[in-house]
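Remarks on the structure that follows.
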Amino acid sequence: MHGKNQQNQHKRIVKKFLYIETYGCQMNFSDSEIVVSIMKDQGYEMTGKPEDADAVFLNTCSIRDNAEKRVLRRLENLQSLRKKKPNLIIGVLGCMAERVKESLLEEAEIGMRIDMVVGPDAYRDLPYLIRDAESGHKAINVILSTEETYADLTPVRYDSNGVSAFISIMRGCENFCSYCVVPGTRGKERSRSPKTIVSEAGQLYERGYREITLLGQNVNSFMWDCSTDRDVINFPALIDNIAKKHPLMRIRFATSHPKDLSDDLISVIASNPNICRSIHLPVQSGSNPVLKRMNRKYTAESYMERVQSIRDRIPGCTVSTDIISGFCGETEEDHRRTMSLMKKAGFDFAYMFKYSERPGTLAESSFEDDVPDDVKTRRLEEIINLQQELSHESNLSDVGKVFEVLVEGVSKRSNENVMGRNSQNKVVIFKDKGFKAGTYVSVEIKQCTSATLLGEAVAVSEQCGGE
Ligand code: SAH
Ligand code: SF4
Ligand code: F3S
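In this note's numbering, the protein residues as written are 1374 to 1840.
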């Protein structure tokens, strides 16, 4: 009896819990898996409830003003947890930590207490920063690195479906699109050693994962110089190597910059059935003067040429995009050009945003944010409505086709159905006949909405890369 109590007491002293929320892009989700891995080594276990946590981390995004506002609201709301746990540590990690820096620690300035501020290249310093915070000192590290890729760390897949996972293959960005904070928050572009990427893919495969997404702000500029054997490994070579090693594993990647999507990469995709038939190619605008001010380094015409090349050489490949409405100086004519390009490209899916001026960017210093907010909103609505039609058309054209679907789990809406994705990255829902997550099922599409395909299973396959 006495022994057990002592044990419990002992446990209460050593067990510490971490709660983490992630905002922003897939890279940030991938970074949170590194953060959890480092924190586990410091004795922190994960909890899904902030009220049980000793440390609450928000891994933040700065891409638009409303992304930061959301984080600030959440931080404010988390302050109430301090009443019950005065020693609670609240940490801001990621891009907003990098952009706002020490100001986040100024209680007078932001009207609340934050204990830790950690930039995206400083996670290896977490063991020291958390010690400081545990002893009541505020802790900060926002130093950007030119080399850090966390290559040797094993991410903890804490929020995983056990089927699909992200692998970060590079960090940073030096494209300096004029509207974008990422070059400032993530620093210099650097690639991770291919050896560690291939070995991470292999480990995931062994553990039953069947889909990996290779991540970077611009994966096409992945480049590794093996100075020992004078070999240079570029992105097409890397993805070809992984796809051939694991024919039963699906490979996706994000994001491709249109200026760097090479014919080589298109050929590699075309010749490997397990590289997914889905390319995310953010266009941002369909008007050349706007693209020039955005510093995107391609034209609407050269963009369309790339889309055509994809459609010609990878039949059945979907193309998705990102669009910004109301960038500096955008006229009605520019806006019409964007809508017309959307129709020509026939995007299957799009993420669409209102331009948000960001401090420290080239656009902030060079151009006036002169499109009134109501005009931005109206143009965005037009773009969203058009995309909904295009997505619906794209889904309608799939009715009657049979796709190989990788099952991810039970459908959120009904226990009787399972959900998965086809190679084109469309969500497919169909009746569960005891299908396990991680299996490939051939599904005939019977109906659709603008967001989902609904079908019926016709066979279970062991392949990867059918229609
Ligand atoms: N590296 C990726 C995108 C990263 S950010 C790429 O180059 O495509 C994701 C998307 O957010 C961008 O494609 C862009 O459409 C949008 N975005 C970036 N900065 C923005 C801003 N200041 N205002 C509105 N949208 C923005
Ligand atoms: Fe931002 Fe452009 Fe880099 Fe994408 S490529 S992260 S939009 S600067
Ligand atoms: Fe946001 Fe940073 Fe990603 S700004 S979009 S979390 S790289």
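Beta carbons: idealized from backbone N, C-alpha and C, even for Gly. It should be emphasised that the depicted structure is a prediction, and the values quoted were computed from it without experimental measurement.
Residue i in three-state terms, based on DSSP
i       : result
Leu1448 : helix
Ile1393 : strand
Gly1828 : strand
Asn1514 : strand
Ser1729 : coil
Ala1718 : helix
Gln1681 : helix
Glu1520 : coil
Met1485 : coil
His1375 : With a pLDDT of 48 at His1375, under the threshold of 50, the modelled position of that residue is not reliable, and no figure is offered here.
Asp1771 : coil
Lys1804 : strand
Pro1620 : coil
Arg1530 : coil
Pro1593 : The sequence as given places Asn at residue 1593; Pro does not occur at that position. Helix, per DSSP.
Cys1599 : strand
Arg1686 : helix
Val1833 : strand
Val1656 : coil
Lys1819 : strand
Asp1494 : coil
Arg1544 : strand
Ser1435 : coil
Gly1321 : The requested residue 1321 does not occur in the structure, where the chain is confined to residues 1374 to 1840.
Arg1669 : coil
Leu1604 : The amino acid occupying residue 1604 in the given sequence is Asp; Leu does not appear at that position. The answer is strand: DSSP assigns Asp1604 an E or B state.
Leu1759 : helix
Lys1388 : coil
Tyr1847 : Absent from the model: residue 1847. The displayed extent of the chain is 1374 to 1840, so no value can be given.
Proximal residues to residue i (C-beta, below 6 Å), its chain only, five neighbours per side dropped
i       : result
Thr1655 : The sequence shown places Pro at residue 1655, rather than the Thr named in the question. Answer for Pro1655: Thr1694 and Asp1695, listed in chain order.
Leu1517 : Asp1494 and Gly1560
Arg1679 : Pro1631 and Leu1634
Asp1637 : Pro1609
Ser1403 : Phe1539, Ser1541 and Leu1588
Lys1474 : Val1515
Lys1626 : This sequence places Phe at residue 1626; Lys is not what is there. Cβ within range, chain order: Leu1587 and Val1592.
Thr1691 : Ser1651, Asp1721 and Gln1797
Ser1658 : Leu1664 and Thr1711
8 Å contact criterion, which residue i and residue j should meet: CB distance rounded
i       : j       : result
Val1429 : Leu1451 : 6 Å
Gly1467 : Thr1519 : Wrong, their Cβ atoms sit about 19 Å apart, outside the cutoff.
Met1400 : Ser1541 : 6 Å
Lys1389 : Asp1427 : 5 Å
Arg1669 : Cys1550 : 6 Å
Glu1781 : Lys1804 : Not confirmed; about 15 Å, so no contact.
Cys1841 : Arg1686 : The requested residue 1841 does not occur in the structure, where the chain is confined to residues 1374 to 1840.
Val1778 : Val1814 : 5 Å
Of the listed residues the options, nearest to residue i (C-alpha basis)
i       : options                               : result
Pro1620 : Asp1525, Gln1797 and Gly1838          : Gly1838
Ile1483 : Lys1456, Val1491, Leu1448 and Ile1516 : Leu1448
Ala1673 : Gly1467, Tyr1396 and Arg1709          : Arg1709
Tyr1396 : Lys1809, Lys1819, Ser1435 and Asp1498 : Ser1435
Ser1660 : Cys1701, His1765, Ile1516 and Ser1453 : Cys1701
Ile1857 : Val1529, Tyr1531, Tyr1523 and Tyr1496 : Here the chain has residues from 1374 to 1840 only, and residue 1857 is not among them.
Ile1662 : Val1692, Met1419, Lys1568 and Thr1711 : The sequence shown places Pro at residue 1662, rather than the Ile named in the question. Among Val1692, Met1419, Lys1568 and Thr1711, the Cα nearest to that of Pro1662 is on Thr1711.
Arg1486 : Ser1594, Leu1502, Glu1471 and Leu1461 : Leu1461
Ile1697 : Leu1588, Ser1729, Arg1684 and Pro1688 : Ser1729
Val1833 : Val1816, Ser1537 and Arg1583          : Val1816
Ile1606 : Lys1458, Thr1812, Leu1454 and Ser1566 : Ser1566
Tyr1531 : Ser1405, Ile1648 and Ile1463          : Ser1405
Ser1508 : Ser1537, Asn1593 and Met1489          : Met1489
Arg1684 : Met1667, Gln1657, Asp1707 and Gln1797 : Gln1797
Thr1812 : Gly1535, Ala1616, Ala1627 and Asp1414 : Gly1535
Val1555 : Lys1617, Val1409, Asn1768 and Cys1398 : Cys1398
Glu1521 : Ile1503, Asp1498, Lys1511 and His1510 : Asp1498
Lys1717 : Phe1726, Glu1741, Asp1598 and Leu1763 : Leu1763
Residues near residue i in its chain [Cβ-Cβ closer than 7 Å; skip 5 each side]
i       : result
Thr1825 : Val1800 and Ile1802
Gly1557 : Arg1472 and Gly1733
Tyr1417 : Lys1389, Phe1390, Leu1391 and Ala1428
Thr1527 : Ser1410
Ser1784 : Asn1790, Val1791, Met1792 and Ile1802
Ala1440 : Tyr1396, Gly1397 and Cys1434
Ile1642 : Ile1648 and Ile1687
Beta-carbon proximity list for residue i, same chain, < 8 Å, skipping 5 on both sides
i       : result
Glu1842 : Examination of residue 1842 is not possible in this model, given that the chain is present from 1374 through 1840 alone.
Met1374 : Interpretation of Met1374 is limited by its pLDDT of 41, a score under 50 that renders its predicted location unreliable; the figure taken from the coordinates is listed afterwards. Closer than 8 Å at Cβ, skipping near neighbours: no residue.
Leu1769 : Cys1821
Ile1818 : Asp1771, Val1772, Gly1773, Lys1774, Val1775, Phe1776, Val1801, Leu1826, Leu1827 and Gly1828
Asn1788 : Asp1805
Thr1420 : Phe1390, Leu1391, Tyr1392 and Ala1426
Asp1743 : Cys1701 and Gly1702
Residue i: CB within 8 Å of a non-hydrogen atom of the ligand FMN
i       : result
Asn1798 : The ligand FMN is absent from the structure shown, which contains only the ligand SAH, the ligand SF4 and the ligand F3S.
Practice item. Spell out a yes or no on whether the segment 1769-1783 and the segment 1745-1760 are touching, meaning 3 or more CB-CB pairs, one atom from each, closer than 8 Å. Key: no
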